[in-house]
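Taking it in order: structure first as structure tokens, then the write-up.
In the numbering used here, the protein residues as written are 541 to 757.
Structure below.
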């Protein structure tokens, strides 16, 4: 059952609800998600952010920033590289339940947490891939994935391996959550389609979009 909320937290939740036009069902899933994250984090290192107010801002709102920049209602399949505690893909799945979701995560404890979250939030059409990124690129062959998403779990130099000629995912879009000051290195720069800034409370961040169409295929 969802715990009773204090006044400050309630105001933050009301703002969060309005900002992303959440239904009561979606909001309850987010609240349950944050409470489970805190509970699991007392035993295992799932995330460095353990305050419920900060979880809403720097995990949930930050994850949902993608939906403010692209029309995810037109997307079908997203893959979260280095999902950790499920960010950004699970918040996106809650808000856009039609999405098929693949979570790449090698840490066994975090995989267990993800399995529990999927079960408790009754999320469907979502899968965990427990091998590393390079293994995924070499051995998997999923149907077309619209967006690969990553919140700083791997360096972009590693992520852009998906655009190699041998990769079955070279025609997908990669979205990287970056600090405001981040700039692409020489090898990454030709693949950058755009960088879009946004603000979470007093912090400015940006989403970086990588596509192969920017360079010769």
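Quick reminder that beta carbons are idealized off the backbone N, C-alpha and C, glycines included.
Everything numeric in this text was worked out from a predicted model, so none of it was measured.
Contact belief for residue 593 with residue 549 at Cβ below 8 Å, rounded distance in angstroms: 6 Å
C-beta atoms of residue 667 and residue 639 nearer than 8 Å: Their beta carbons are not under 8 Å apart, which means residue 667 does not touch residue 639 by this criterion.
Backbone secondary structure at residue 614 - three-state DSSP: Annotated three-state conformation of residue 614 is helix, per DSSP.
Local Cβ density within 10 Å of residue 599, reported as buried at 16 or more and exposed below that: Here residue 599 is buried: its Cβ has 16 or more other Cβ atoms, across all protein chains shown, within 10 Å.
Where the alpha helix (DSSP H) through residue 657 begins and ends: 648 to 660
Closer than 8 Å to chain D by CB, residue 730: Absence of chain D from the displayed structure is noted, only one protein chain being present.
Three-state class that DSSP yields for residue 574 in the structure shown: Looking at residue 574 - three-state DSSP - the assignment turns out to be helix.
Test item: CB-CB of residue 712 and residue 699 under 8 Å: no
Local conformation of residue 584 per DSSP, three classes: coil
Backbone CA spacing between residue 608 and residue 635 [nearest angstrom]: 12 Å
Residues of its chain near residue 541, where Cβ-Cβ distance is below 6 Å and the 5 sequence neighbours each way are ignored: Its pLDDT being 43, under 50, residue 541 is placed unreliably by the model, and the measurement read from it follows with that caveat. Excluding positions up to five away in sequence, the list is empty.
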